[in-house]
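Before any comments, here is the structure.
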Amino acid sequence: MKAPMNNADRRAFGRRPTYQHAVVLMTGRAPVRCIVRDISLTGAMLEFSDSVALSSRIQVRWEGSGLKADCEVRHQHGTKAGIQFTCATGPRIAKEILEATTVVPKTSELPSTPAEAISSIVENQAQVHIAVQTRSTETTGMVHQMRAHLQSQVVEVPVATQVKKFKSLRDTPTFSRISDRIEPPPLPQSDTNKTLRG
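Per our numbering, the sequence shown runs over residues 143 to 340.
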């Protein structure tokens, strides 16, 4: 049964732009996500990310609000479908949907297709990626500056001083005992050495 509606109410309400996420439910088929582009007291315009073959009778469930409406598909072109509310609560649902939407963006601010919506998300992610790369470059630069600063603070010990310390260490009894215990490994004998000796 279609929603009773007088023409004055319908004209006063008109068709209002919205950007609501919804799910289309069809008997015996998986739910399909869509965007409700606009809504009136008698129906709505749905847009899908891909072309979808809809049943003639569907149920639309608005995400976040839990509101549902039984509908009839009036026309379908590409990724868009015009629906008409078949339940008596259609006008009430339309009003509740718009009341729940505190700010309805202007049509000019909305992406005209799901591809444009995805494109803006990709652009935002690209900007985040650039910001992370910039921060990484800045951090690398800071690390190099800190390293240079630390290297300038290190006092270099002349090589002659290091050699002198080694020689004095070598002459200690502990070092001598250790070096006496270390035997060089035997040299490998090659076949050439054996033939020369024999």
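Quick reminder that beta carbons are idealized off the backbone N, C-alpha and C, glycines included.
In this structure, Ser182 lies near Gly156, with their beta-carbon atoms less than 9 Å apart. In the DSSP assignment, Phe190 falls outside any beta strand (DSSP E) and carries neither an H nor an E.
Rounded to whole angstroms, the Cβ separation of Arg199 and Glu214 is 6 Å, and the two are in contact under 8 Å.
Taking all protein chains shown into account, Arg179 has 16 or more neighbouring C-beta atoms within 10 Å of its C-beta and is therefore buried.
Taking 8 Å as the upper bound for CB-CB distance, Leu188 and Lys222 are in contact here, some 7 Å apart.
A direct Cα-to-Cα measurement between Ala172 and Gln275 gives close to 41 Å. In this structure Val264 is exposed. Its beta-carbon is surrounded by fewer than 16 other beta-carbon atoms within 10 angstroms. Around the C-beta of Thr282, fewer than 16 other C-beta atoms lie within 10 Å, and the residue is accordingly described as exposed.
Of the residues Pro159, Ser191, Ile272 and Ile260, the one whose Cα lies closest to the Cα of Val166 is Ser191. His217 is bridged by DSSP to Gly224.
Contact between Gln226 and Thr169 is ruled out by a C-beta separation of about 18 Å, above the 8 Å threshold. Rounded to whole angstroms, the gap between the alpha carbons of Ala230 and Ile272 is 52 Å. In terms of Cα proximity to Val174, the closest of Arg158, Ala186, Leu196 and Pro159 is Leu196.
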